[in-house]
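Protein sequence lines, in the order shown, are assigned to chains U and W.
Just so you know, we're using my numbering here: the first sequence kicks off at 82 and counts up by one.
Just so you know, we're using my numbering here: the second sequence kicks off at 82 and counts up by one.
Ideal Cβ placement from N, Cα and C applies to all residues, glycine included.
Everything below concerns the one structure shown next.
Protein chains: 2
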Amino acid sequence: MKKLFPLVTADIALFTVHEGSLRVLLGKRANAPELGKWALPGGVLDPASDSDLDDTARRVLSSKIGVDVAFLDQVATFSGAARDPRGWSLSVLYYALLPRDQVPAVAGNKTEAVEWRDAFAPGSRLAFDHAKLVEAALTTLRSKVVSAALPLHLLPERFTLTELQRTCELILGHSLDKSVFRRRLKSEPSIVQLEGEFLYGAQRPAQLYRAAADFRF
Amino acid sequence: MKKLFPLVTADIALFTVHEGSLRVLLGKRANAPELGKWALPGGVLDPASDSDLDDTARRVLSSKIGVDVAFLDQVATFSGAARDPRGWSLSVLYYALLPRDQVPAVAGNKTEAVEWRDAFAPGSRLAFDHAKLVEAALTTLRSKVVSAALPLHLLPERFTLTELQRTCELILGHSLDKSVFRRRLKSEPSIVQLEGEFLYGAQRPAQLYRAAADFRF
DNA sequence: TCAATAGTGTCTCTTAGACAATATTGA
DNA sequence: TCAATATTGTCTAAGAGACACTATTGA
Numbered sequence: 082m083k084k085l086f087p088l089v090t091a092d093i094a095l096f097t098v099h100e101g102s103l104r105v106l107l108g109k110r111a112n113a114p115e116l117g118k119w120a121l122p123g124g125v126l127d128p129a130s131d132s133d134l135d136d137t138a139r140r141v142l143s144s145k146i147g148v149d150v151a152f153l154d155q156v157a158t159f160s161g162a163a164r165d166p167r168g169w170s171l172s173v174l175y176y177a178l179l180p181r182d183q184v185p186a187v188a189g190n191k192t193e194a195v196e197w198r199d200a201f202a203p204g205s206r207l208a209f210d211h212a213k214l215v216e217a218a219l220t221t222l223r224s225k226v227v228s229a230a231l232p233l234h235l236l237p238e239r240f241t242l243t244e245l246q247r248t249c250e251l252i253l254g255h256s257l258d259k260s261v262f263r264r265r266l267k268s269e270p271s272i273v274q275l276e277g278e279f280l281y282g283a284q285r286p287a288q289l290y291r292a293a294a295d296f297r298f
Numbered sequence: 082m083k084k085l086f087p088l089v090t091a092d093i094a095l096f097t098v099h100e101g102s103l104r105v106l107l108g109k110r111a112n113a114p115e116l117g118k119w120a121l122p123g124g125v126l127d128p129a130s131d132s133d134l135d136d137t138a139r140r141v142l143s144s145k146i147g148v149d150v151a152f153l154d155q156v157a158t159f160s161g162a163a164r165d166p167r168g169w170s171l172s173v174l175y176y177a178l179l180p181r182d183q184v185p186a187v188a189g190n191k192t193e194a195v196e197w198r199d200a201f202a203p204g205s206r207l208a209f210d211h212a213k214l215v216e217a218a219l220t221t222l223r224s225k226v227v228s229a230a231l232p233l234h235l236l237p238e239r240f241t242l243t244e245l246q247r248t249c250e251l252i253l254g255h256s257l258d259k260s261v262f263r264r265r266l267k268s269e270p271s272i273v274q275l276e277g278e279f280l281y282g283a284q285r286p287a288q289l290y291r292a293a294a295d296f297r298f
């Protein structure tokens, strides 16, 4: 007998920047089906406790991964009879961004096996259709970088323009012109200069910035 | 007792151009809840016959409205416990485009009450959260017009550049410069000039064009 | 001829892109 | 001083926007 209801889940592509590359978090599946394969973190909707699917996604990240992300948004919905051996399933895919200085929090927390994989090459044999999901999340992420200040969500609270540029470059996959990049930021209200605060290194100090107070997206 | 499974539906914002404005199709609800209110066409997923949710959407359009659309794409997914009095529900919202010369086919077919409403003012008291859904579909539609040749799906097979421009203007809600518009189309491979074919009216004849054979988007 | 719309040309201004030049630190 | 990176400036070319101009039909 066929099931009358689909399995409804929220899956999350959690991105961060780690060791100089854009990463996505994968977990090793501890249950059948696809036991032992790597998959995006996700969980089944619980109508009793989730007021909507965003809730489901946040609950999964909080309980399974141990992080509460500031930024979470939908990518698309994947559905069908063929994508999960248990039968008809529907996954709403989210993408979330974790500031790179919060990466250690993830590694420490859990006994379950999780890995930060290179987002552009997350591995060849992911569970279910998750290779496709990663691809889709990456496309959405990229499309947002062009116009918006989205990558602020991947940076620490205080950052330099060079750091912001590097982050954009990592996501886009190609280098940007320093001069052009800075010129555009001049008219970007979501980026605020921290008057008199600098990052000191082995060279000329770099001006520090922060996201505007009302910065949301 | 709470339900353990959400109600999964596909809702469709079917757009067309009619009498000089952008329209969206609404149907009068014939069942409770929200009986008598106007809503986007939609239907419950049938796992037995739908291979994925796109299938559900196409089935709804075909059976309830009587059209098979060429273009159908996702907008976003709306979910939660509060949006439908029957309980936890999840709707994947699609938008579809109907060429304006196929509008009569819809009107004729059905005994159920359907109306082509102005997409920017579909009415104040739509069923459920459908006013929000229309808004979201409209935003997506607009965002696609800027860069792409999407409005081709709203035009007859053969069309003039002025017709194409008017259609873009209807969607965007503001007028476009003729010269700029045509200049951009010069480098648009999805639009093909029909050599020697013209539309004759009460003035200078207009060159006819068609969408490129491989045009999908 | 005129009205009406199709289609083209031209000017300016903004901005992207490339790249050079300058500035400021620690070593 | 030099190495390294931050920050700014300059030139050019492409494109957007505004708007004027020409073209071609039916009445």
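| query | From the beta carbon of T90/U, is the nearest beta carbon of chain W less than 8 Å away? | reply | For the purposes of this step, residue 90/U is taken as the residue at position 9 of the first sequence. Taking Cβ atoms only, chain W never reaches closer than 8 Å to T90/U, which makes this a no.
| task | Kindly indicate if chain W contains any beta-carbon less than 8 Å away from that of A162/U. | result | Locating residue 162/U in the first sequence gives position 81, where the first residue counts as 1. So, interface residue.
| query | Are three or more beta carbon pairs between the stretch 142-156 of chain U and the stretch 250-261 of chain U nearer than 8 Å? | reply | no
| query | Would F86/W count as contacting chain U if we go by Cβ distances under 8 Å? | reply | Residue mapping note: residue 86/W aligns to position 5 of the second sequence, counting from 1. Chain U, which has a Cβ nearer than 8 Å to the Cβ of F86/W, makes this yes.
| said: Please report the straight-line C-alpha distance between A371/W and A208/W, rounded to a whole angstrom. | reply: Residue 371/W cannot be examined here, being either before or after the span of chain W that is shown, 82 to 298.
| Roughly how many angstroms lie between the CA atoms of Q183/U and A162/W, to the nearest whole one? | Locating residue 183/U in the first sequence gives position 102, counting from the first residue. Locating residue 162/W in the second sequence gives position 81, counting from the first residue. Taking the straight line joining both Cα atoms gives about 32 Å.
| task | Taking L128/U as the reference, give the member of E278/W, P87/W and L116/W with the closest Cα. | result | For the purposes of this step, residue 128/U is taken as residue 47 along the first sequence, with counting starting at 1. Going by the sequence as given, residue 128/U is Pro instead of Leu. Selected option, being the one with the closest Cα: P87/W.
| request: Give me whichever residues DSSP pairs with F159/W in a beta bridge. | output: Position 78 of the second sequence holds residue 159/W. According to DSSP, which records beta bridges pairwise, F159/W is partnered with S172/W.
| Should V195/W and G108/W be called a contact, given that it needs their Cβ atoms to be closer than 8 Å? | Counting from one through the second sequence, the residue named residue 195/W turns up at place 114. Counting from one through the second sequence, the residue named residue 108/W turns up at place 27. Yes, Cβ-Cβ distance for V195/W and G108/W is below 8 Å.
| If you draw a straight line from the alpha carbon of I272/W to that of T90/U, how long is it in whole angstroms? | Against the second sequence, residue 272/W aligns to sequence position 191. Against the first sequence, residue 90/U aligns to sequence position 9. One C-alpha to the other measures close to 41 Å.
| Residues from the stretch 118-145 of chain U in contact with chain W, defined by Cβ distance under 7 Å | L126, P128, A129, S132, D133 and L134
| query | Residue ranges of each beta strand (DSSP E) run of no fewer than 3 residues wholly in the stretch 184-224 of chain W, ordered along the chain? | reply | 195-199
| Taking just the CA atoms, how far does R104/W sit from T248/W? | Translated into positions along the second sequence, residue 248/W becomes position 167. Translated into positions along the second sequence, residue 104/W becomes position 23. Cα to Cα, T248/W sits roughly 12 Å from R104/W.
| field | 8 Å Cβ cutoff, W197/W in contact with chain U | value | Translated into positions along the second sequence, residue 197/W becomes position 116. So, not an interface residue.
| request: Given a cut-off of 8 Å, decide if D92/W and L121/W are closer than it, judged by their beta-carbon atoms. | output: Numbered from its first residue, the second sequence carries residue 121/W at position 40. Numbered from its first residue, the second sequence carries residue 92/W at position 11. Their beta carbons are under 8 Å apart, which means L121/W touches D92/W by this criterion.
| query | Assuming A94/U and L174/U make a contact with CB atoms under 8 Å, what is their CB distance in whole Å? | reply | Locating residue 94/U in the first sequence gives position 13, where the first residue counts as 1. Locating residue 174/U in the first sequence gives position 93, where the first residue counts as 1. Right, their Cβ atoms sit about 7 Å apart.
| said: Against chain W, does V215/U count as a neighbour if the rule is that its beta carbon must be under 8 Å from one of theirs? | reply: Against the first sequence, residue 215/U aligns to sequence position 134. Taking Cβ atoms only, chain W never reaches closer than 8 Å to V215/U, which makes this a no.
| query | So, S172/U versus G117/U, is the Cβ gap smaller than 8 Å? | reply | Counted from its first residue, the first sequence places residue 172/U at position 91. Counted from its first residue, the first sequence places residue 117/U at position 36. Against a cut-off of 8 Å, the Cβ pair of G117/U and S172/U comes out as no contact.
| With 8 Å set as the bound, which would you pick, yes or no: does the beta-carbon of L171/U sit closer than that to a beta-carbon of chain W? | For the purposes of this step, residue 171/U is identified with residue 90 of the first sequence, where counting begins at 1. By this cut-off, L171/U is an interface position.
| Apart from the five residues on each side of it in sequence, which residues of its chain come closer than 7 Å, Cβ to Cβ, to S102/W? | Numbered from 1 along the second sequence, position 21 holds the residue referred to as residue 102/W. Around S102/W: D199 and L251.
| query | What does a CB cutoff of less than 8 Å around P242/W pick up in its chain, not counting 5 residues either side in sequence? | reply | Stepping through the second sequence from its first residue, residue 242/W is reached at position 161. It should be noted that the sequence gives Leu, not Pro, for residue 242/W. Once the five neighbours on either side are set aside, the close Cβ partners of L242/W are F262, R263, L266, A287, Q288 and Y290.
| request: With E276/W as the anchor, note down where its beta strand (DSSP E) starts and where it stops. | output: Here residue 276/W refers to the residue found at position 195 of the second sequence. Taken as a continuous stretch (DSSP letters only), the beta strand (DSSP E) holding E276/W covers I272 to L280.
| request: Indicate whether D210/U and F279/U have their beta-carbon atoms separated by less than 8 Å. | output: Counting from 1 along the first sequence, the entry for residue 210/U is found at position 129. Counting from 1 along the first sequence, the entry for residue 279/U is found at position 198. The beta carbons of D210/U and F279/U sit no closer together than 8 Å.
| query | Considering A91/U, what are the terminal residues of the beta strand (DSSP E) in which it resides? | reply | As a position in the first sequence, residue 91/U is number 10, starting the count at 1. Unbroken beta strand (DSSP E) run through A91/U: L88 to H99.
| task | With distances taken Cα to Cα, identify the nearest neighbour of L253/U among L85/U, A294/U, P203/U and T220/U. | result | Stepping through the first sequence from its first residue, residue 253/U is reached at position 172. Checking every option, the nearest Cα to that of L253/U belongs to T220/U.
| message | Can you tell me whether M82/W is buried or exposed? The criterion is at least 16 other CB atoms within 10 Å of its CB, across all chains shown. | response | The residue given as residue 82/W occupies position 1 in the second sequence. Since pLDDT at M82/W reaches only 48, below the 50 mark, its modelled position is unreliable, and the value read off the structure follows with that caveat. It is exposed - the Cβ of M82/W has fewer than 16 other Cβ atoms within 10 Å.
| Are T97/W and L179/W touching if we call contact CB-CB under 8 Å? | The sequence position of residue 97/W within the second sequence is 16, counting from 1. The sequence position of residue 179/W within the second sequence is 98, counting from 1. With respect to L179/W, T97/W sits close: the two C-beta atoms are nearer than 8 Å.
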